[in-house]
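Colleague: Read top to bottom, the protein sequences are chains A and B. Going by my numbering, the residue at position 256 of the first sequence is 1650; the numbering climbs one at a time, nothing skipped. Going by my numbering, the residue at position 85 of the second sequence is 995; the numbering climbs one at a time, nothing skipped. All C-beta atoms, glycine included, are put in the ideal place defined by N, C-alpha and C. Note that the structure is a prediction, hence the values are computed from the model and not measured.
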Amino acid sequence: MEPAVKESTPQRRERTLRIIAQDPAIRRPDGRILTADVSVPAEDLLPGPRGYRVHVIDYDASAGVLYRAPKPPNAADPYRDAGDEVLLGDPGFHCQNVYAIVMRTLARFEFALGRRIGWSFSSHQIQIAPHAFSDANAFYSREDQALVFGYFPGSKGTVFTCLSHDVVAHETTHALIDGLRQRFNDPSSPDQAAFHEGFSDIAALLSVFSLPELVEALMDYGAPRRRGDRVAVSSVDISSLRRSALMGLAEQMGSEMAALRGSALRRSVELTPSDRYLRQEEFMEPHRRGEILVSAVLNSFLAVWRNRIQGLGEAAPGYYNRRRVAEEGASAARHLLTMAIRALDYTPPADLEFSDFLSALLTADTEIQPDDSRFHYRPALLSTFQSFGIRPTSKGPNGIWEPPEGRLAYGSTHFEAMQRDTDEVFRFLWENRKALGLHSDAYTRVLSVRPCTRLAPDGFLLRETAAEYIQILNIRAAELARYGIRKPGRMPDSQTVKLFGGGALIFDEYGRLKFHVRNKVLNAGRQTRRLRYLWEYGFFDHGARARNHISELHRRKVMGLPMETVEE
Amino acid sequence: MPRANKPLRLTLRVYKAGFGDCFLLTFHYASFERHVLIDFGTSGNGGADWALQVAGDIRGQTGGKLHAVVATHRHKDHISGFATSPGGGGPGDIIASLRPEAVIQPWTEDPNAAPDAVRATRAEPGPHAFVRSLADMQSFCARLVLELPALSGKIGQAAWRQLNFLGETNLPNLAAVRNLQRMGRRNWYVNFGSPCGLEPLLPGVRCRVLGPPTLEQCAEIGRQRSRDAAEFWHLQAKAEEAASGGEKLFPQAPVRSRASLPPHTRWFIERLDRMRGEQLLSIVRALDEALNNTSVILLFECGGKKLLFPGDAQMENWSYALSKPEVRRWLEDVDVYKVGHHGSLNATPKTLWGLFRKRSPDPVPGRLATVNSTMPGKHGDTRRGTEVPRKKLVDALRAESDYFTTEEIKGRDHIRHDLVFDL
């Protein structure tokens, strides 16, 4: 007789899959493609692979062909020992590669934020087309609930964008940010326009650098002084690491991929710190402006990596163990990526500026890791961001957000409901609208309430509830002066203007508000700057908004064209 | 200057070119005439029959002698009429027989600027790479037109029509291009500020070239053309070449037949087919814009009158000229404005429109005259605010100028309308 409950073996939480470490252009010393083994959440996959968050559908719209889905890698990785020919020529591996990178990126976001993360559309599974069409483009599309990867003929055979780790991680990050902060796609400040691309680049590059195999391979670029498995101390200072790891990646990435990515990484690496960029016309263009953010984070990465290396003992006089140096680089990248993702919860949901993101970075990390004395991540971020003219918005100690002012009423709301119910959080907002400085004429909506449990490096659990709300005020240009906002020069009085504001609410484990990170809908200075920028760059012209889709954004980035603006 | 050497009158013959441009500008002197043909093409007005009829009319109007031809850029709707036919009876053969002294084209058409076939496009950005990009763009379109039948029924009808129109418009037009290279006594490949060869042919007329800018000039106003862009177009051309072949990417891999698509894939496959159409449309729009921005912009000045012919120049082309204070001054007292790009969204920049001082809400003497050669329903989309002619612009043209549109030329026997300006 069968037992009522089957004795089950402990279920695996993770499985290991082989991916191409960066792209097929980056090779091992023996000339074979550099691959890496990565951990992804274990699940019972259907052919595709088709899992609980991702559904790979290998349809090629250019040829009108649906490739038969390969067997899922439920037992073992079928490509663990596959040769380069199989990696490049077997569409089943391409499906697995893209699945693994998307799931790894998602898992990193979920780990960092301490909760499940939904897509911005009404489906649990995002669809992925690894060979969508013959086109030098790859993009995320909210409307199609999809990540779409093109392919194109290169000088040495077909270039598959789905085999580029950074491209896949970049597009996945677009989808994840969209799930976390839907309003970041709205026309706003030049910083917000730049943030989606900049942050996706940051997440993609740090994801790539978190693979020690790849970091080790890149360290050889620029011929550092090394002796066997040791590398000279003089070859791992900040400028040497910039030359080897960062420039190495920029140089060795498949050169034809420039047609997809542009030279953003190279330009970010070469950007010498200066506080002038933010004011220069050239950097008002969102793609270029995003490079400032990428450059600030990459410089922080080098500084922290260097800090971590200094903690290593010398393996021989004047030499470090090369593998350990690479592992420290990968650890620094992983930690910075986690910090950056956590910061998203602490950003205002509308009208983001880089300075807000810096305060969010510093606050999120302080909350989970008050003691930063070992590797000095926060001083490194503060210093490099400041070298690019980005100073924390918060005037609080060390640039972290300050607790909310005033007495807040909790009497009418319930702790349990405040952790998941948007109506309950709205009631809290409504009852505290004066203390929280909300504008009562504006349309107000709570967009999300998300309880989370974050794991600190010391094993300590941080429980928080993150909620976000927006405020929207529709007024005529003629009314702006009443609120102290200056109208852009030639804007007609009859022009309807939509002002956005909003805040992130971070509640502690007792349901008390810890932080209220907000941009007031009637912040005159900020709204004046925003309207001037939007007016000058044509965002008020009919039709301009609809065309700033991510696929279009990528194409214009590559072609060196500004965001589509219309002078009508 | 003796009066005999100044034009006394101008006639602007505006041909009904559907979605296209064809203007014959005649300068009447005391004892002779000079004729300049500005563009000759259509994208929707009967093709060869129309072109032969117009070419015959031009021969008649000019008395068998054309002094100059201006081909503003190589779009079909501006140069298709210059195509020759193997038997020598094409409209382009008729125009060539009028023995123009000068043929004026943008610098991007200079055959000497064209790269040799082996030159890598990854070279530093420069005229060669840029010209190569234009060739890649047109090669993309040639392949796109081959792929179009397979896309029919998979993407929306409106998107398919747009693709078809833009694909056809951007085809290489090789016969016309070759004819333009050969028909004139001298070819002038012009850029902002360069001589254009018209002034020696047109006594008493000043003719300034306001566009297109060269790459160096673009760089002066911070619009450096990206090296990545050249690579992008090169790869897109190759990608479309592969796509139009319709071959499987992985010939050995097993596939599902169209009839046996698993239900859970069907919604997404339909979306991908539609996305393919959208992607192609987005690429072809970008290259259409790039070619428009190679348009020659000419400002004629004679007897106190100024006539502005900008071809299809859009903002990127105009930016350099409009950045110059002296150009802005020259443009203030324009009398006749050929509406850019058939009245499209971005070809009459508001900065430019704002400069014209002869605009007036009232029909006063000396009011700005505007001429639009256009055809609704061919280009753009009303829902996207990109329809051509753009209603908002046409409203402004009607309100503040003496507006003439080729839509007003009615009847089968009417192929043109003449506007006469006394000097």
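Under a Cβ-count criterion, where at least 16 other Cβ atoms within 10 Å of its own Cβ denotes burial, should residue 1628/A be classed as buried or exposed?
Modeller: The sequence position of residue 1628/A within the first sequence is 234, counting from 1. Under this definition residue 1628/A is an exposed residue.
Colleague: Let's see if you can read the secondary structure: which residues bound the alpha helix (DSSP H) around residue 1064/B?
Modeller: As a working note, residue 1064/B is residue 154 in the second sequence. No alpha helix (DSSP H) contains residue 1064/B, which DSSP labels as neither H nor E.
Colleague: Can you find a C-beta in chain A that's less than 8 Å from the C-beta of residue 1059/B?
Modeller: Translated into the one-based positions of the second sequence, residue 1059/B becomes position 149. No, residue 1059/B does not count as interfacial toward chain A.
Colleague: Buried or exposed for residue 1579/A, please, with buried defined as at least 16 other CB atoms from any protein chain shown within 10 angstroms of its CB.
Modeller: To locate residue 1579/A, count along the first sequence from 1; it is residue 185. Classification for residue 1579/A: buried.
Colleague: On the DSSP bridge assignment, give the partners of residue 1847/A in chain order.
Modeller: Along the first sequence, one-based indexing puts residue 1847/A at 453. BP columns for residue 1847/A point to 1857/A.
Colleague: Which residue comes first and which comes last in the alpha helix (DSSP H) that contains residue 1704/A?
Modeller: By one-based count along the first sequence, residue 1704/A stands at place 310. Counting along the chain, the alpha helix (DSSP H) containing residue 1704/A begins and ends at 1680-1704.
Colleague: Is it right to say residue 1764/A is buried, meaning 16 or more other beta carbons lie within 10 angstroms of its own, or is it exposed?
Modeller: For the purposes of this step, residue 1764/A is taken as the residue at position 370 of the first sequence. Counting Cβ neighbours within 10 Å, residue 1764/A comes out exposed, since fewer than 16 surround it.
Colleague: Can you give the Cα-Cα distance for residue 1540/A and residue 925/B, rounded to whole angstroms?
Modeller: For the purposes of this step, residue 1540/A is identified with residue 146 of the first sequence, where counting begins at 1. For the purposes of this step, residue 925/B is identified with residue 15 of the second sequence, where counting begins at 1. Roughly 49 Å separates the two Cα atoms.
Colleague: For residue 1805/A, decide whether its Cβ has a neighbour in chain B, counting only Cβ atoms nearer than 8 Å.
Modeller: The sequence position of residue 1805/A within the first sequence is 411, counting from 1. With 8 Å as the cut-off, residue 1805/A does not count as an interface residue toward chain B.
Colleague: Pop quiz: residue 1592/A and residue 1486/A are said to be a contact at Cβ under 8 Å. What is the actual Cβ separation, rounded to whole angstroms?
Modeller: In the first sequence, residue 1592/A corresponds to position 198, counting from 1. In the first sequence, residue 1486/A corresponds to position 92, counting from 1. The pair is not a contact, with the Cβ atoms about 34 Å apart (cut-off 8 Å).
Colleague: So that I know if they touch, is there some Cβ in chain A lying closer than 8 Å to that of residue 1266/B?
Modeller: Position 356 of the second sequence, counted from the first residue, corresponds to residue 1266/B. No, residue 1266/B lies away from the interface with chain A (no Cβ there is under 8 Å from its Cβ).
Colleague: Cβ of residue 1975/A less than 8 Å from any chain B Cβ?
Modeller: Residue 1975/A falls outside the range modelled here, since chain A spans only 1395 to 1962, and no answer is possible.
Colleague: Return the bridge partner residues of residue 1545/A from the DSSP annotation.
Modeller: Translated into positions along the first sequence, residue 1545/A becomes position 151. DSSP lists 1528/A and 1554/A as partners of residue 1545/A.
Colleague: Helix, strand or coil: which one does DSSP assign to residue 1280/B?
Modeller: Indexing the second sequence from 1 puts residue 1280/B at position 370. Reduced to three states, the DSSP call for residue 1280/B is strand.
Colleague: Check this for me: beta carbons of residue 1454/A and residue 1525/A, under 8 Å apart or not?
Modeller: If you number the first sequence from 1, residue 1454/A lands on position 60. If you number the first sequence from 1, residue 1525/A lands on position 131. Against a cut-off of 8 Å, the Cβ pair of residue 1525/A and residue 1454/A comes out as a contact.
Colleague: What distance in whole Å lies between the Cβ atoms of residue 1188/B and residue 1457/A, which are believed to be in contact at a cut-off of 8 Å?
Modeller: Against the first sequence, residue 1457/A aligns to sequence position 63. Against the second sequence, residue 1188/B aligns to sequence position 278. Between residue 1188/B and residue 1457/A the Cβ distance is about 18 Å, and since that is not below 8 Å, they are no contact.
Colleague: For residue 1542/A, return the contacting residues in chain B, with the cut-off set at a CB-CB distance below 8 Å.
Modeller: For the purposes of this step, residue 1542/A is taken as residue 148 along the first sequence, with counting starting at 1. Those within 8 Å of residue 1542/A in chain B are 1182 and 1185.
Colleague: Taking its Cβ as the centre, do 16 or more other Cβ atoms sit within 10 Å of residue 1029/B, making it buried, or is it exposed?
Modeller: As a working note, residue 1029/B is residue 119 in the second sequence. The predicted position of residue 1029/B is uncertain, since its pLDDT is 30 and thus under 50; a value taken from the coordinates is nonetheless stated next. Its Cβ having fewer than 16 others within 10 Å, residue 1029/B is exposed.
Colleague: Note down, in chain order, each residue of its chain lying with its Cβ closer than 8 Å to the Cβ of residue 1855/A, except the 5 sequence neighbours on either side.
Modeller: Mapped onto the first sequence, residue 1855/A falls at position 461. So the list reads 1847, 1848 and 1849, once near-sequence residues are dropped.
Colleague: With 8 Å as the threshold, decide whether the Cβ of residue 1025/B is near any Cβ in chain A.
Modeller: Counting from 1 along the second sequence, the entry for residue 1025/B is found at position 115. With a pLDDT of 46 at residue 1025/B, under the threshold of 50, the modelled position of that residue is not reliable, and the figure given next carries that caveat. Chain A contact via Cβ: absent.
Colleague: Which residues in the same chain have their Cβ closer than 7 Å to the Cβ of residue 1606/A, if we skip the five residues on either side of it in sequence?
Modeller: As a working note, residue 1606/A is residue 212 in the first sequence. Excluding residues within five positions, the ones whose Cβ falls inside 7 Å are 1720, 1721 and 1724.
Colleague: If you drop the 5 nearest sequence neighbours on each side, which residues of the same chain put their C-beta closer than 6 Å to that of residue 1800/A?
Modeller: The residue given as residue 1800/A occupies position 406 in the first sequence. These residues qualify, in order along the chain: 1829.
Colleague: Helix, strand or coil for residue 1493/A? Go by DSSP, reduced to three states.
Modeller: Position 99 of the first sequence, counted from the start, is the residue given in the question as residue 1493/A. In this structure, residue 1493/A counts as helix in the three-state DSSP scheme.
Colleague: Check each candidate in 1694/A, 1410/A and 1552/A and name the one with the smallest Cα separation from residue 1596/A.
Modeller: Residue 1596/A sits at position 202 when you count from the first residue of the first sequence. Among 1694/A, 1410/A and 1552/A, the Cα nearest to that of residue 1596/A is on 1694/A.
Colleague: Closer than 6 Å by C-beta to residue 1047/B: which residues in its own chain qualify, once you throw out the five before and the five after it? Chain order, please.
Modeller: Reading the second sequence from its first residue, position 137 is the one you call residue 1047/B. Excluding positions up to five away in sequence, the list reads 1143 and 1197.
Colleague: How long is the line joining the alpha carbons of residue 1737/A and residue 1667/A, rounded to whole angstroms?
Modeller: By one-based count along the first sequence, residue 1737/A stands at place 343. By one-based count along the first sequence, residue 1667/A stands at place 273. Each residue's alpha carbon lies about 23 Å from the other.
Colleague: Are residue 1575/A and residue 1741/A closer than 8 Å when you measure CB to CB?
Modeller: Residue numbering aside, residue 1575/A sits at position 181 when the first sequence is read from its first letter. Residue numbering aside, residue 1741/A sits at position 347 when the first sequence is read from its first letter. Contact flag set, yes.
Colleague: Quick check: is the beta carbon of residue 1838/A nearer than 8 Å to any beta carbon in chain B?
Modeller: Here residue 1838/A refers to the residue found at position 444 of the first sequence. No, because no Cβ of chain B sits closer than 8 Å to the Cβ of residue 1838/A.
Colleague: Would DSSP call residue 1422/A helix, strand or coil?
Modeller: Start at 1 with the first residue of the first sequence, and residue 1422/A comes out as number 28. Residue 1422/A: coil per DSSP, three-state reduction.
Colleague: Answer with yes or no whether the minimum CB distance from residue 1458/A to chain B is below 8 Å.
Modeller: The residue you call residue 1458/A lines up with position 64 of the first sequence. Interface residue, yes.
Colleague: Output the boundary residues of the alpha helix (DSSP H) element that contains residue 1229/B.
Modeller: Working through the second sequence from its first residue, we reach residue 1229/B at position 319. Looking at the DSSP string, the run of the alpha helix (DSSP H) that includes residue 1229/B is 1225-1232.
Colleague: Within 8 Å (strictly less), CB to CB, does residue 1491/A reach chain B?
Modeller: Translated into the one-based positions of the first sequence, residue 1491/A becomes position 97. Closer than 8 Å: no.
Colleague: How is the beta strand (DSSP E) around residue 1121/B delimited, first residue to last?
Modeller: Position 211 of the second sequence, counted from the first residue, corresponds to residue 1121/B. Run containing residue 1121/B: 1116-1121, per the beta strand (DSSP E) assignment.
Colleague: Can you name the residues of chain B whose CB is closer than 7 Å to the CB of residue 1462/A?
Modeller: Here residue 1462/A corresponds to residue number 68 of the first sequence, with the count starting at 1. Correct list: 1164, 1165 and 1166.
Colleague: Please identify the residue among 1551/A, 1513/A, 1450/A and 1459/A whose C-alpha is closest to the C-alpha of residue 1570/A.
Modeller: As a working mapping, residue 1570/A is identified with position 176 in the first sequence. With distances taken between Cα atoms, residue 1570/A lies closest to 1513/A.
Colleague: Between the Cα of residue 1827/A and the Cα atoms of 1932/A, 1864/A, 1661/A and 1437/A, which residue gives the shortest distance?
Modeller: Residue numbering aside, residue 1827/A sits at position 433 when the first sequence is read from its first letter. Minimum Cα distance to residue 1827/A is reached at 1864/A.
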